[in-house]
Ligand SMILES: [Zn+2]
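Residue numbers (my numbering): 42 to 385.
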């Protein structure tokens, strides 16, 4: 039995008929084009006949386990015997009703990210999978469905092998916005699983215990960047702070839209800890790891996140989380910034 503690067990009928997993290459992320409830009723109706995944994540971070990870689930076609699959909700409720014809899947929200991280940490520990992002479909670690889709990222030479993850050509699952969030998710899973020096990450159970949710509206303003220099990003009109540290655990998620970042150019983001007191010079007292993003043709959508816990500053100064940007592009500009924060 390999059942995840804390997940809601919604085991499908006739699991053992699925056959045992042949290996544990990694964990594959999918999107439902639907809700958790809708997908659950479809899976329950069919049992293990047809397609199903091991896990499902709902809009509010609910975790369903449909198949014991000892057995295969069919979401990854020829790779199903080697990959643990996670389906995620993306339609209705706070996601709204979007045009499902193109690559319009909305971003995962903070609660879903926390749930996905929790599943990854458990699955990797239980089945001895390295917590790293797969760079190609043949590597071990955390990947996404489109990597193994013919006519998408699957190399022609791997058609018909265990790396072909879909019968159908051109599937975009889980969509470009969600794919852009995976490096941040892998990073969270890595920090959630190991002891790192200050600032100390919260335990995974702490993430799910978070209750205070803050969402800022998109700050739409052109922000010029400094070539080869770090610059603090404005997150609202006249505002640079994302949150003030008060001793509670937090998960901050920042989405940035960039124009003019050309292929081959890079942009980096890092969260910093700024010590602030009105009327005095602001001091930077800590840096989190930076993350690098590559330019693409057209607009670049970037999502990064930071998980942590830090005591309230002593004395009359306060300490705040801010985000900085660096680029080697002379043309890149930020056009929009949105923050979501979970605390508790
Ligand atoms: Zn998929």
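The beta-carbon is built from N, C-alpha and C at its ideal position, and this holds for glycine as well.
What is the residue span of the alpha helix (DSSP H) that residue 85 lies within? By 1-based counting over the chain shown, the position of residue 85 is 44. Per DSSP, residue 85 belongs to the alpha helix (DSSP H) from 77-87.
Closer than 6 Å: residue 71 CB and nearest ligand 1 heavy atom: Within the chain shown, residue 71 is the residue found at index 30, counting from 1. It does: the Cβ of residue 71 is within 6 Å (strictly closer) of some heavy atom of ligand 1.
Should residue 123 be counted as a contact of ligand 1 given a C-beta to heavy atom distance under 6 Å? Working through the chain shown from its first residue, we reach residue 123 at position 82. Answer for residue 123: no, Cβ out of range of ligand 1.
Going by the beta-carbon positions, is the gap between residue 95 and residue 108 smaller than 7 Å? By 1-based counting over the chain shown, the position of residue 95 is 54. By 1-based counting over the chain shown, the position of residue 108 is 67. In this structure, residue 108 lies closer than 7 Å to residue 95 by Cβ.
Terminal residues of the alpha helix (DSSP H) in which residue 361 lies: In the chain shown, counting from the first residue as 1, residue 361 sits at position 320. First-last for residue 361: 359-368, but that is the beta strand (DSSP E), not the alpha helix (DSSP H).
Assuming residue 225 is part of the alpha helix (DSSP H), what are its boundary residues? Locating residue 225 in the chain shown gives position 184, counting from the first residue. 217-234 is the extent of the alpha helix (DSSP H) around residue 225.
Among 215, 232, 350, whose alpha-carbon lies nearest the alpha-carbon of residue 117? Position 76 of the chain shown holds residue 117. Closest option to residue 117, Cα to Cα, is 215.
beta-carbon residue 50 near ligand 1 non-hydrogen atom, thresh 6 Å: The residue you call residue 50 lines up with position 9 of the chain shown. Incorrect: residue 50 has no Cβ contact closer than 6 Å to ligand 1.
Within the 7 Å Cβ cut-off, does residue 170 reach chain B? Here chain B cannot be found, since the structure has a single protein chain.
Based on Cα-Cα distance, which residue from 265, 128, 280, 177 lies nearest to residue 300? Taking the chain shown and counting its residues from 1, one reaches residue 300 at position 259. The option with the nearest alpha carbon to residue 300 is 265.
Among 307, 287, 290, nearest to residue 268 - alpha-carbon criterion: Within the chain shown, numbered from 1, the residue matching residue 268 stands at position 227. Considering only alpha carbons, the answer is 307.
Tell me which residues share the same chain as residue 288 and place their Cβ nearer than 6 Å to its Cβ, disregarding the 5 neighbours each side in the sequence. Position 247 of the chain shown, counted from the first residue, corresponds to residue 288. Cβ neighbours of residue 288 beyond the five flanking positions: 352, 353.
Flag this pair as touching only if the segment 221-234 and the segment 150-161 have three or more C-beta atom pairs under 8 Å; answer yes or no. yes
Restricting to runs no shorter than 4 residues, where is the alpha helix (DSSP H) found entirely within the segment 47-123? 77-87
Could you give the distance in angstroms between the alpha-carbon of residue 355 and the alpha-carbon of residue 125? Within the chain shown, numbered from 1, the residue matching residue 355 stands at position 314. Within the chain shown, numbered from 1, the residue matching residue 125 stands at position 84. Using only the alpha carbons, I get a separation of about 46 Å.
To the nearest angstrom, how far is it from the Cα of residue 281 to the Cα of residue 378? As a first step, residue 281 is located in the chain shown; it is residue number 240 there, counting from the start. As a first step, residue 378 is located in the chain shown; it is residue number 337 there, counting from the start. Distance between the alpha carbons of residue 281 and residue 378: 11 Å.
Relative to the alpha-carbon of residue 48, which residue among 104, 85, 144, 191 has its alpha-carbon at the smallest distance? Along the chain shown, one-based indexing puts residue 48 at 7. Of the candidates 104, 85, 144, 191, the one whose C-alpha sits nearest the C-alpha of residue 48 is 104.
Since residue 72 and residue 110 are thought to touch, with beta carbons under 8 Å apart, how far apart are those beta carbons, to the nearest angstrom? Translated into positions along the chain shown, residue 72 becomes position 31. Translated into positions along the chain shown, residue 110 becomes position 69. Not confirmed; about 20 Å, so no contact.
Please classify residue 239: does DSSP put it in a helix, a strand, or coil? Within the chain shown, residue 239 is the residue found at index 198, counting from 1. Because residue 239 carries a pLDDT of 34, less than 50, the predicted location of this residue cannot be relied on, and the following value inherits that uncertainty. Note: residue 239 maps to coil in three-state DSSP.
Collapsed DSSP secondary structure at residue 135 in the structure displayed: Working through the chain shown from its first residue, we reach residue 135 at position 94. In this structure, residue 135 counts as helix in the three-state DSSP scheme.
Rounded to a whole number of angstroms, what is the C-alpha to C-alpha distance between residue 357 and residue 324? The residue you call residue 357 lines up with position 316 of the chain shown. The residue you call residue 324 lines up with position 283 of the chain shown. If you take the alpha carbons of residue 357 and residue 324, they lie about 14 Å apart.
Pair within 7 Å by beta-carbon distance, residue 97 and residue 113: The residue given as residue 97 occupies position 56 in the chain shown. The residue given as residue 113 occupies position 72 in the chain shown. Going by C-beta atoms, residue 97 is not nearer than 7 Å to residue 113.
Taking 6 Å as the limit between beta carbons, can you name the residues of its chain near residue 241, skipping five residues before and five after? Position 200 of the chain shown, counted from the first residue, corresponds to residue 241. Here residue 241 scores only 37 on pLDDT, less than 50, and its place in the model should not be relied on; the value that follows carries that caveat. These residues qualify, in order along the chain: 350.
Is there at least one non-hydrogen atom of ligand 1 closer than 6 Å to the beta-carbon of residue 186? Within the chain shown, the letter at position 145 stands for residue 186. Result yes, Cβ under 6 Å from ligand 1.
Within this structure, are the beta carbons of residue 383 and residue 284 separated by less than 7 Å? Locating residue 383 in the chain shown gives position 342, counting from the first residue. Locating residue 284 in the chain shown gives position 243, counting from the first residue. Not a contact, by the Cβ cut-off of 7 Å.
If you check the beta carbons only, do residue 69 and residue 184 fall under 7 Å apart? Working through the chain shown from its first residue, we reach residue 69 at position 28. Working through the chain shown from its first residue, we reach residue 184 at position 143. Cβ distance < 7 Å, so residue 69 and residue 184 count as in contact.
Spatial neighbours of residue 208 within its chain, please: CB distance less than 6 Å, with the 5 preceding and 5 following residues excluded, ordered by chain position. Counted from its first residue, the chain shown places residue 208 at position 167. So the qualifying residues of the chain are 118.
My output table needs one value for residue 198: the three-state DSSP class, helix, strand or coil. Taking the chain shown and counting its residues from 1, one reaches residue 198 at position 157. The answer is helix: DSSP assigns residue 198 an H, G or I state.
Beta-carbon contacts of residue 188 that lie in its chain and below 6 Å, excluding the five residues immediately before and after: In the chain shown, the residue the question calls residue 188 occupies position 147. Excluding sequence neighbours, residue 188 sits near 178, 194.
Need the endpoints of the alpha helix (DSSP H) that residue 153 sits in, please. In the chain shown, the residue the question calls residue 153 occupies position 112. Note, residue 153: alpha helix (DSSP H), 151-168.
Would a C-beta distance cut-off of 7 Å place residue 78 and residue 294 closer than the cut-off? Locating residue 78 in the chain shown gives position 37, counting from the first residue. Locating residue 294 in the chain shown gives position 253, counting from the first residue. Cβ distance not < 7 Å, so residue 78 and residue 294 don't count as in contact.
What is the DSSP secondary structure of residue 288, counted as helix, strand or coil? Looking up residue 288 in the chain shown gives position 247. Coil.
Going by the beta-carbon positions, is the gap between residue 328 and residue 347 smaller than 7 Å? On the chain shown, residue 328 is found 287 positions in, with the first residue counted as 1. On the chain shown, residue 347 is found 306 positions in, with the first residue counted as 1. Cβ distance not < 7 Å, so residue 328 and residue 347 don't count as in contact.
Quick one: what does DSSP say residue 354 is sitting in, helix, strand or coil? Translated into positions along the chain shown, residue 354 becomes position 313. In the structure shown, residue 354 sits in coil (DSSP, three-state: anything other than H, G, I, E or B).
Is the beta carbon of residue 165 within less than 6 Å of some heavy atom of ligand 1? The count along the chain shown starts at 1 and reaches residue 165 at position 124. Outside the cutoff, so no.
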